[in-house]
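So the structure is just underneath, and the comments pick up after that.
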Amino acid sequence: MRHIAMVYDTVSGSTADMGAIIRDVLRQESTVTTLSVNASDSLESYDAVIIGSPMRFGWCTSKMQAFLKRHSAQLAHKKVAFFFSMLYVVRIAEEPADEGRLFLDPGLAIATIPKKAATGMDKTHSVGFFQRRRCHNAPTIDPVSIAYFKGRLVLERLPLFERLFMKMVTTFTKKEQKGEFLNPAAVRGWAEELAHRL
Ligand SMILES: Cc1cc2nc3c(=O)[nH]c(=O)nc-3n(C[C@H](O)[C@H](O)[C@H](O)COP(=O)(O)O)c2cc1C
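In this text, residue positions in the sequence shown follow numbering that gives the first Met the number 0: the first is 0, and each later residue adds one.
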């Protein structure tokens, strides 16, 4: 039986809820151990590692970045899958096409726009931008799959600075708005597909 480690960070809970759904699916054929994002334990005994994070400026939270750094040598030789809880992503037509390992929650209703029509926000929320951030920050990890799921925005659950920042974002753009967007069926669908890739 495969041994899978799952580690996620979360602030308002949606990434944790996604993690629970993924774990339930994968447990049908594997053992799944949830590790704390602060853990320093060796990953050697696991066949695969699933990493979840709220999207933060195109990449993981700082706690998850620290986890990836601490375990970078071991992760470079593991099967790794990422899932992100987020609010907005767009495709810019001129950017390289998907890598075939990308899973996009239909709830994200992703549009394709030409580069000349992209705003500053689009340019920092595009599939290509997220891909460049990942390659820059985790160059030794070659993930088997990457999923982008729409999560939630509950301002009251955010620390003060983040709450003020997101209040400003939601006031000035309709692209990221408050609400509950988690789609359990999309998360389950990815997990079922992932079970064949790990
Ligand atoms: C400081 C900050 C930066 C964020 N950056 C992004 C981003 O770059 N792209 C995005 O789609 N969502 C972004 N979000 C929204 C969160 O990723 C989203 O609310 C997520 O679903 C929260 O996950 P959680 O419920 O596990 O905390 C940001 C939120 C905060 C507070």
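Even for Gly, the Cβ is constructed at its ideal location relative to N, Cα and C.
Report task. With DSSP as the reference, label valine 186 as helix, strand or coil. Result -> Helix.
Query - the region 132-140 touching the region 62-79, judged by at least three CB pairs closer than 8 angstroms - result: As far as the Cβ criterion goes, the region 132-140 touches the region 62-79, which means the pair count is three or higher.
Requested in this report: Quick one: grab the DSSP three-state call for leucine 34.
Outcome: Looking at leucine 34 - three-state DSSP - the assignment turns out to be strand.
Query raised in the report: Does ligand 1 have a heavy atom nearer than 6 angstroms to the CB of glutamate 161?
Result: Yes, ligand 1 has a heavy atom inside 6 angstroms of this Cβ.
Query raised in the report: How would the residue list near ligand 1 read, in chain order, if you kept each one whose beta-carbon is closer than 7 angstroms to any heavy atom?
Result: Answer in sequence order: Thr9, Val10, Ser11, Gly12, Ser13, Thr14, Ala15, Pro53, Met54, Arg55, Phe56, Gly57, Ser84, Met85, Leu86, Tyr87, Val88, Thr123, His124, Gly150, Arg151, Leu152, Leu157, Glu161, Phe164, Met165, Glu175.
Query - Where alanine 116 sits in the DSSP three-state scheme - result: Helix at alanine 116.
Query - Beta-bridge partners of serine 44, as assigned by DSSP - result: Paired residues: none, contrary to the question.
Query raised in the report: Which partner residues of histidine 2 appear in the DSSP bridge assignment?
Result: Its beta-bridge partners are Thr30.
**Report entry** Burial state of serine 13 (16 or more Cβ within 10 Å)
**Finding:** Buried, since its Cβ has 16 or more Cβ neighbours within 10 Å.
Query raised in the report: Can you check whether the CB of glutamate 175 is closer than 7 angstroms to the CB of tyrosine 87?
Result: Taking C-beta atoms as the reference points, tyrosine 87 and glutamate 175 count as a pair closer than 7 angstroms.
Requested in this report: Say whether the region 115-129 touches the region 47-60, bearing in mind that this needs 3 or more beta-carbon pairs closer than 8 angstroms, one atom from each stretch.
Outcome: Cβ pair count under 8 angstroms is three or more, so yes.
Report task. For arginine 156, name the three-state secondary structure that DSSP assigns. Result -> Here arginine 156 sits in helix by DSSP.
Query raised in the report: With DSSP run on the structure shown, which of helix, strand or coil describes alanine 65?
Result: Helix, per DSSP.
**Report entry** Residues bridged to glutamate 192 (per DSSP)
**Finding:** The partner list for glutamate 192 (beta bridge, DSSP) is empty, contrary to what the question assumes.
Requested in this report: Give me whichever residues DSSP pairs with leucine 103 in a beta bridge.
Outcome: DSSP lists Tyr147 as partners of leucine 103.
Query raised in the report: Any contact of the region 104-123 with the region 38-50, i.e. 3+ C-beta pairs under 8 angstroms?
Result: Output reads no: the region 38-50 does not touch the region 104-123.
Query - Status (buried if at least 16 other CB within 10 Å, exposed otherwise) for lysine 78 - result: That one is buried.
**Report entry** Residue closest to methionine 0, alpha-carbon to alpha-carbon, out of Asp16, Leu25, Ala15, Thr30
**Finding:** Here the closest residue by C-alpha is Thr30.
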